[in-house]
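This report refers to the structure that appears directly beneath it.
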Amino acid sequence: MSSSAAARELVAVAARGLDAAALRAAVVGPLRRLTGAGPVFVASADPVTWLLTGGLPADVPADAARALMAREYADSDVITFRGLAGAQVPVANLYDRADSPAHSARWRDVLEPLGWGDELRAAVRDRTGTWGFLCLHRIAGEQPFSPADRAAVAGVLPLLAAAFRRTSVAATALSANASAPGVLLIDGDDQPVGSTGPAAQLVDEIGTTDGLPLPVLSVVRSLRSTGVVTTVRLRSRAGRWLTVHAAFVEGTDQVAVVIEPAHPHDVLPVLAAALELTSREAEVAAALLRGESSRLIARRLCIAEATVNVHLRSVFAKAGVHSRGELIARTLAG
Numbered sequence: 004m005s006s007s008a009a010a011r012e013l014v015a016v017a018a019r020g021l022d023a024a025a026l027r028a029a030v031v032g033p034l035r036r037l038t039g040a041g042p043v044f045v046a047s048a049d050p051v052t053w054l055l056t057g058g059l060p061a062d063v064p065a066d067a068a069r070a071l072m073a074r075e076y077a078d079s080d081v082i083t084f085r086g087l088a089g090a091q092v093p094v095a096n097l098y099d100r101a102d103s104p105a106h107s108a109r110w111r112d113v114l115e116p117l118g119w120g121d122e123l124r125a126a127v128r129d130r131t132g133t134w135g136f137l138c139l140h141r142i143a144g145e146q147p148f149s150p151a152d153r154a155a156v157a158g159v160l161p162l163l164a165a166a167f168r169r170t171s172v173a174a175t176a177l178s179a180n181a182s183a184p185g186v187l188l189i190d191g192d193d194q195p196v197g198s199t200g201p202a203a204q205l206v207d208e209i210g211t212t213d214g215l216p217l218p219v220l221s222v223v224r225s226l227r228s229t230g231v232v233t234t235v236r237l238r239s240r241a242g243r244w245l246t247v248h249a250a251f252v253e254g255t256d257q258v259a260v261v262i263e264p265a266h267p268h269d270v271l272p273v274l275a276a277a278l279e280l281t282s283r284e285a286e287v288a289a290a291l292l293r294g295e296s297s298r299l300i301a302r303r304l305c306i307a308e309a310t311v312n313v314h315l316r317s318v319f320a321k322a323g324v325h326s327r328g329e330l331i332a333r334t335l336a337g
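Oh and the sequence shown: position 239 is 242 in the numbering used here, straight run, nothing missing.
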């Protein structure tokens with residue numbers, strides 16, 4: 004299949020309205036045909052924190068995926084996800100950017116022992132933010148990724164970003180699952196050593212095939228690397244919004260991870276980006292979610308009440324709702 008045919012295939016996949024997990028799975032084949040890649044990793048991300056909300060490793064061994072995640076947050080390496088998310092050009096390959104691949108701890112410790120060669124990475128982003136990441140690999144001895152390969156991937160990033168962005172705003176019924184938070188206790192080797200009752204149900208709702216769910220591992224690794232408590236927001240398999248955040252257990256190397264149903268204010272930054280709300284529309288929506296009346300919003304923002312109502316109508320139209328109650332439901336259930 005030609006690269007142009009593979010690109011058209013990705014256009015078709017992006018237009019299908021898949022959920023995040025199905026979308027990650029559906030793009031693997033076309034990405035391989037677009038670039039001649041072998042093993043592939045496709046991840047969705049929180050556009051505010053750039054932490055991973057889900058991932059699909061295609062022909063990437065589970066141990067390697069965990070090791071790569073450890074390197075992603077522990078080391079200052081060549082072509083990190085966060086570096087690409089903030090870079091002017093969101094696509095790069097290891098053999099082009101490093102004088103020698105051996106300068107990369109990721110390549111030395113994980114990729115080279117697997118018998119892999121070049122790696123192409125990309126931030127899946129558009130004008131609204133970064134909604135995911137791609138890792139494409141070549142086997143040792145194969146030609147490195149070319150400028151044409153990078154250009155081909157760069158060309159499909161906006162449509163992939165739009166597809167991942169739509170998974171954040173797709174209408175879903177409210178979940179009837181338990182609403183209590185769950186807590187996981189993670190040891191220094193990133194293994195669970197304890198939990199509260201609701202944690203197992205919430206972990207299952209996030210979905211995992213091996214080890215800790217990727218969003219949990221993301222917040223744990225980010226915390227260990229930076230010492231900063233960071234929250235990741237994600238849509239669960241049940242369709243509702245959850246938040247995951249982590250903090251150190253004082254005096255130990257253990258980490259407590261809290262998984263809980265999201266408050267509307269937690270979700271609003273993601274939806275504001277996904278719906279392309281203006282800064283004023285986001286302000287008005289946040290005030291609305293706090294329970295403020297149009298009159299109070301107008302007084303606090305120093306604008307006319309009629310202007311507030313114009314902004315509200317625009318927010319409702321973009322979110323596909325008709326009332327404050329429907330907007331709150333959307334930020335809870337997606």
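Even for Gly, the Cβ is constructed at its ideal location relative to N, Cα and C. Small disclaimer: the values here were computed from a predicted structure and weren't measured.
Residue interval of the alpha helix (DSSP H) (run including residue i)
| i | result |
| --- | --- |
| residue 153 | 150-169 |
| residue 268 | 267-277 |
Contact set for residue i: own chain, Cβ-Cβ below 6 Å, skip 5 residues either direction
| i | result |
| --- | --- |
| residue 71 | 113 |
| residue 187 | 195, 198, 202 and 260 |
| residue 275 | 285 |
| residue 184 | 261 and 263 |
Cβ separation of residue i and residue j, assumed to be a contact under 8 Å, to the nearest whole Å
| i | j | result |
| --- | --- | --- |
| residue 249 | residue 226 | 5 Å |
| residue 221 | residue 235 | 6 Å |
| residue 330 | residue 322 | 6 Å |
| residue 117 | residue 67 | 6 Å |
| residue 80 | residue 147 | Not a contact, Cβ separation roughly 18 Å. |
| residue 96 | residue 169 | Contact doesn't hold; Cβ gap of about 28 Å is too wide. |
| residue 280 | residue 288 | 7 Å |
Start-to-end residues for the beta strand (DSSP E) that takes in residue i
| i | result |
| --- | --- |
| residue 198 | 195-198 |
| residue 100 | Segment 97-100 is the alpha helix (DSSP H) holding residue 100; no beta strand (DSSP E) there. |
| residue 58 | 55-61 |
| residue 87 | Element bounds for residue 87: not the beta strand (DSSP E) but the alpha helix (DSSP H), 84-88. |
| residue 47 | 43-48 |
| residue 141 | 132-142 |
7 Å Cβ shell around residue i - same chain, five flanking residues per side excluded
| i | result |
| --- | --- |
| residue 317 | 284 |
| residue 53 | 84, 85, 88 and 133 |
| residue 311 | 287, 297, 300 and 301 |
Per-residue DSSP class, three states only, for residue i
| i | result |
| --- | --- |
| residue 22 | coil |
| residue 30 | helix |
| residue 291 | helix |
| residue 320 | helix |
| residue 214 | coil |
| residue 188 | strand |
| residue 120 | strand |
| residue 222 | helix |
| residue 68 | helix |
**Message:** Quick check for students: name the residue ranges of the beta strand (DSSP E) that lie wholly in the segment 234-263, counting only runs of 3 or more.
**Reply:** Counting only runs of 3+ residues, the beta strand (DSSP E) found wholly inside the segment 234-263 occupies 234-238 and 244-251, in chain order.
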